[in-house]
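Engineer: Quick one: the structure is below, and I'll ask about it shortly.
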Amino acid sequence: MTEFYYKEITDDEVDAPKLARAKYVLAYCQKVLSLSMIIIKWCVEIDKATYDSCGKSPFGEVVKTLKGMNVWREEFDGMTKLVSQRNVIWIRADIPVDMITETVAHECKHVSDFARYGIFNKQEEERRADNFGRKVMREIWE
Numbered sequence: 089m090t091e092f093y094y095k096e097i098t099d100d101e102v103d104a105p106k107l108a109r110a111k112y113v114l115a116y117c118q119k120v121l122s123l124s125m126i127i128i129k130w131c132v133e134i135d136k137a138t139y140d141s142c143g144k145s146p147f148g149e150v151v152k153t154l155k156g157m158n159v160w161r162e163e164f165d166g167m168t169k170l171v172s173q174r175n176v177i178w179i180r181a182d183i184p185v186d187m188i189t190e191t192v193a194h195e196c197k198h199v200s201d202f203a204r205y206g207i208f209n210k211q212e213e214e215r216r217a218d219n220f221g222r223k224v225m226r227e228i229w230e
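Numbered continuously in our numbering, the sequence shown closes out at residue 230.
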């Protein structure tokens, strides 16, 4: 089984075009979905040795801490932690800039759906978030 490890980085460490696109898409999604106060946090892939050196986490073994930052052991392009951080979406800073729009929109849809419906069916949630991501991509860039 392939394992993936990521650590949180700051906005200053994100490429300017990705950061600008993400902020633009976030503002668009917040308006369309009637969301407010959503924060984008960024992460990048790290090696297993760095992950293993991280401290323990109150969230279990998937999330640890590294110098006060979150570290994950699962593969994703974007992620939400809806139970513990409802207003935060996590985006990988190492994905291509052309994936930023759909990824940010996808995660915003998860936040919106959780606020409206709670958690009910992962497959249905993913389908709706994927569809919304593609819709936002068309609306903004086509």
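Cβ coordinates follow ideal geometry from the N, Cα and C atoms, glycine included.
1) Output the distance between the C-alpha atoms of Ala203 and Glu190, rounded to the nearest integer angstrom.
2) Are the beta-carbon atoms of Ala193 and Val102 separated by less than 7 Å?
3) Contact defined as beta carbons within less than 8 Å: I believe Ile97 pairs with Cys131. What is the distance between those atoms, to the nearest angstrom?
4) Compute the Euclidean distance between the alpha carbons of Tyr205 and Lys197, then round it to the nearest angstrom.
5) Quick check: Gly166 and Glu212, are their CB atoms within less than 7 Å of each other?
6) Thr168 lies in the beta strand (DSSP E); which residues open and close that run?
7) Closest by CA to Ile207, which one among Lys169, Tyr139, Asp186, Phe220?
8) Relative to the C-alpha of Phe92, which residue among Arg109, Asp135, Asp140, Ala115 is closest?
9) If I'm right that Val185 touches Lys129 with Cβ under 8 Å, what's the distance once you round it to whole angstroms?
10) Note down, in chain order, each residue of its chain lying with its Cβ closer than 7 Å to the Cβ of Glu133, except the 5 sequence neighbours on either side.
Structural biologist: Based on what the coordinates show:
1) Each residue's alpha carbon lies about 20 Å from the other.
2) Against a cut-off of 7 Å, the Cβ pair of Val102 and Ala193 comes out as no contact.
3) So it is a contact: roughly 6 Å between Cβ atoms.
4) CA-CA distance, Tyr205 to Lys197, rounds to 12 Å.
5) No.
6) 166-169 is the extent of the beta strand (DSSP E) around Thr168.
7) Considering only alpha carbons, the answer is Lys169.
8) Comparing Cα-Cα distances from Phe92 to each of Arg109, Asp135, Asp140, Ala115, the minimum goes to Asp135.
9) With a Cβ gap of about 18 Å, Val185 and Lys129 do not count as contacting.
10) The residues Phe92, Tyr93, Tyr94, Asp182, in chain order, have a CB closer than 7 Å to that of Glu133 in the same chain once the five nearest residues on each side in sequence are set aside.
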